[in-house]
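In the numbering used here, the protein residues as written are 101 to 318.
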């Protein structure tokens, strides 16, 4: 069985070769052997049903294709390297510009913080000065009132939790005015309030409490 297969293959190959030789001889005898007829012969022997035009086109394209030279490949590589170098430089330049912008921003923030602290300090000084002037005006007003009326006003301030203001006003009064007003504190409740006020005066309040508060913050 196998020998028959081999004999069949051999016969087919011989037939193919004979066919090529017969056709080649035919074209040679008629004088029509050229590139076109050769291409058609090859296509016919290989079972390709074409006129030969497509094979000629493929062959022509393969002949027209030019491989790049070494110089062209080197030039292309240099261009690619140059493009990469330009991109890297652009990225570095952007990072440098961004660093400068961030440094300027930090400088502006520091400058703004300094101005804000200075403004708050100045505002506090103005507020303290205004409060001091206001307390002086209240003190002068109370000294001009009847001692009993002055006492009632001080009690109102005390009930409003403005104890430090009461102490400050009494400290700033003249000795005679303060003595006359404190003499009006006669009820048991008045006596307790007076004791609290005098205790604060003896402890140096409100200045001492302010010093303590500042020390705790530090």
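Ideal Cβ positions, reconstructed from N, Cα and C, are used throughout, including at glycine.
Of all alpha-carbon atoms in 224, 292 and 221, the one lying nearest the alpha-carbon of residue 255 is that of 292. Residue 257: member of the alpha helix (DSSP H) spanning 247 to 259, first to last residue. Counting the other Cβ atoms within 10 Å of the Cβ of residue 251 gives 16 or more, which makes it buried.
Annotated as distal: residue 246 and residue 257, with beta-carbon spacing of 8 Å or more.
Residue 281 sits buried, since 16 or more C-beta atoms from the chains shown fall within 10 Å of its C-beta. Taking the CA atoms as reference points, residue 193 sits about 20 Å from residue 206. Just so you know, the alpha carbons of residue 296 and residue 302 end up roughly 10 Å apart. Excluding residues up to 5 positions away in sequence, 269 lie with their Cβ nearer than 7 Å to the Cβ of residue 238 in the same chain.
Taking C-alpha positions only, residue 279 is separated from residue 290 by approximately 15 Å. With 16 or more other CB atoms across the displayed protein chains lying within 10 angstroms of its CB, residue 277 is buried. With respect to residue 272, residue 236 sits close: the two C-beta atoms are nearer than 8 Å.
When secondary structure is reduced to three states using DSSP, residue 207 falls in the helix class.
For residue 300, the uninterrupted alpha helix (DSSP H) segment begins and ends at 288 to 302. For residue 262, no alpha helix (DSSP H) encloses it, and the DSSP letter there is neither H nor E. For residue 273, the secondary structure class from DSSP, reduced to helix, strand or coil, is coil.
When secondary structure is reduced to three states using DSSP, residue 190 falls in the helix class.
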